[in-house]
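Here is the structure we will look at, set down as C-alpha cells.
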Amino acid sequence: MVILSVHSSSSLYNITAALPWISSSSLSIAHSCSTLKQSGSVRSLRSSAVFCDAKAEMVEDKKKESAAATAVSASASHELRTFLDARSGEDLLYVVQREAEEGKLPQNVAQGMLELYQNYRNAVLKTKDPKADEIVLSNMAVAFDRIFLDVKDPFEFSPHHKAIREPFDYYVFGQNYIRPLIDFRNSYVGNVSLFTEIEETVQKGENVILISNHQTEADPAVIALLLESTHPYLAENMIYVAGDRVITDPLCKPFSIGRNLLCVYSKKHMGDVPELVDMKKKANTRSLKEMAVLLRGGSKIIWIAPSGGRDRPDPVTQEWSPAPFDPSSVDNMRRLVEHAAVPGHIYPLAVLCNDIMPPPPQCTG
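If you're matching positions, the sequence shown starts at 117 in the working numbering and goes up one per residue.
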C-alpha cells in the first residue's frame with residue numbers, strides 16, 4: 117500500500133456545506149459549495165462611531181479631523197485598483213467590500229472571501245513563521261485576484277481538464293497556497309519505493325490507478341506537495357477524478373484550474389436537483405469515455421476516491437477511518453484498466469491529512 121501522511125502546521129478550516137469552495141492533513145483548498153466557519157470575526161472596514169460630550173467647538177474640531185482622515189483614506193483607496201495592489205490585509209478586505217458594493221462581486225462570494233481570508237490568516241499565523249504576514253498577504257492577494265477574475269469571466273471545465281500552467285501558472289499558485297499549512301518535518305511518505313515503481317511504470321507507457329480514501333478538498337495539493345521533491349513527475353502529471361462542486365464554486369475554481377481533472381457528478385448528489393439528473397448522467401458518460409480514451413493512450417496515473425466523499429471521524433471515538441468504497445466505482449476502474457490497450461496497475465493509497473481542512477462532522481449535502 118502507498119501511504120501519505122501529513123501533519124498540518126495548524127488547523128485551517130471548519131467547513132459546513134452551503135457555499136462554494138474550500139476544504140484540509142495527514143495527506144491533505146477547499147470544499148466547493150461549502151460555508152467556511154471562521155474562528156474570529158472579520159475586521160470591519162468601517163470607522164467606529166465616535167461619541168463626544170465636549171463643547172460644540174470641540175465637536176466641530178473632531179468633525180474636521182474626521183473629514184481630513186476620511187479624505188486621506190479615500191485618497192489611499194483610489195490607489196487600490198486591483199487586489200494585487202494591496203499592501204496589507206486591510207487593503208484586501210477593502211477591495212472585497214468595494215467590489216461587492218459596486219455589484220461586481222455577489223454578496224455570498226464576497227462573504228466567503230472575507231471568511232477565507234480570516235481562516236487562512238489565523239492558520240498561517242499559528243505556524244509562528246516570521247514571515248507569516250507576508251505569506252498571507254502574498255497568497256491571499258493572488259487568490260482573491262483569481263477568484264475575482266473568474267467571477268467576471270467564469271472558466272468552463274471540460275470533461276478532461278488539463279492544468280493551466282501559462283500565462284498564469286495555476287498549479288504553482290495552488291502549491292504555494294497550501295504549502296505553509298503543512299508541517300513537512302512531521303509529515304512522511306510511506307513505502308517510497310512504491311512511488312518510484314509507479315513513476316517508472318507510468319514513464320514506460322503503462323497506466324496506474326490510485327484507489328484512495330479522501331480526507332479533504334486539499335488532497336490533490338497535499339499529494340503533490342509531498343511528492344514534488346522526490347517524484348515531481350507524478351506530482352505534476354497526476355489526474356484527479358473530481359466532483360462537480362470543486363469546478364463550480366467560485367472560491368474553489370482557481371485551485372481546481374491548476375490540477376489535471378476528470379470531472380464527474382457524485383452519485384451521492386445525483387438526485388439533488390431532479391431536473392438535472394439526465395444532464396448529470398450524460399456528463400458522467402462523457403467523462404467515462406474520456407477516461408477510456410486516456411487509458412488507451414497509456415502513461416496515465418489517475419487518482420480516484422471510490423467513497424464518493426470525504427472521510428469523517430467516528431462520532432464516539434473521534435478516530436478517522438476511510439469511508440466505505442462504492443464497489444461499482446472500483447469495478448468500473450478495474451474494467452476500464454482491463455479494456456485499455458496497454459497494461460494497467462491498481463494501487464491502494466492511504467491518505468491522512470484531515471487537520472488542514474477537516475470536513476463537517478456530518479455530510480450536509
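From the three backbone atoms N, C-alpha and C, an ideal C-beta is built for every residue, glycine too.
key: Distance, V267 Cα to L135 Cα   = Reliability fails at L135, whose pLDDT of 24 lies under 50, so the model's placement of it is uncertain and the value that follows must be treated cautiously. Approximately 15 Å, taken between the alpha carbons.
task = Just grab the DSSP bridge partners of A358 for me.
result = C379
query = Considering only residues of the same chain and omitting the five flanking positions on each side of V118, which have a CB-CB separation below 6 Å?
reply = N307, L310, Y463 and L465
task = Give me the Cα-Cα distance between A457 and D269, rounded to the nearest whole angstrom.
result = 39 Å
query = Just to confirm, are I417 and V324 a CB contact at a threshold of 7 Å?
reply = yes
task = Measure the C-alpha to C-alpha separation of V225 and F271 and round it to an integer number of angstroms.
result = 16 Å
P439 versus F284 - alpha carbon distance = Residue identity differs from the one stated: residue 439 is Ala in this sequence, not Pro. When rounded, the distance between both Cα atoms is 36 Å.
query = Just checking my contact of L378 with M407 at CB under 8 Å: how many whole Å lie between their CB atoms?
reply = 6 Å
ask   = Skipping 5 residues on each side, what residues in its chain have a beta carbon closer than 6 Å to that of V252?
value = R237 and V240
ask   = Pick from P474, W419 and G424: whose alpha carbon is nearest that of H461?
value = W419
Residues bridged to D299 (per DSSP) = H123
request  = Could you tell me the boundaries of the beta strand (DSSP E) in which H461 lies?
outcome  = G460 to L468
Minimum C-alpha distance to H277 - residue among E322, K369 and R295 = K369
task = Could you spell out where the alpha helix (DSSP H) holding L310 opens and where it closes?
result = Unbroken alpha helix (DSSP H) run through L310: V308 to Q319.
query = Taking C-alpha atoms, which residue in R214, Y287, D261 and G425 lies nearest to T332?
reply = G425
ask   = Is L297 closer than 7 Å to S124 when the C-beta atoms are compared?
value = yes
ask   = Name the DSSP bridge partner or partners of I327?
value = Under DSSP, I327 forms a beta bridge with I420 and P464.
query = In terms of alpha-carbon separation, which member of Y233, G290, Y349 and D442 lies closest to T312?
reply = Y349
inquiry  = Just checking N470 against the ligand FAD - is the residue's beta carbon closer than 6 Å to any of the ligand's heavy atoms?
reply    = In the structure shown, the ligand FAD is absent, as is every other ligand, since no ligand is present at all.
ask   = Is it right to say S437 is buried, meaning 16 or more other beta carbons lie within 10 angstroms of its own, or is it exposed?
value = exposed
ask   = Smallest Cα separation from E315: which of P475, S415 and V211?
value = S415
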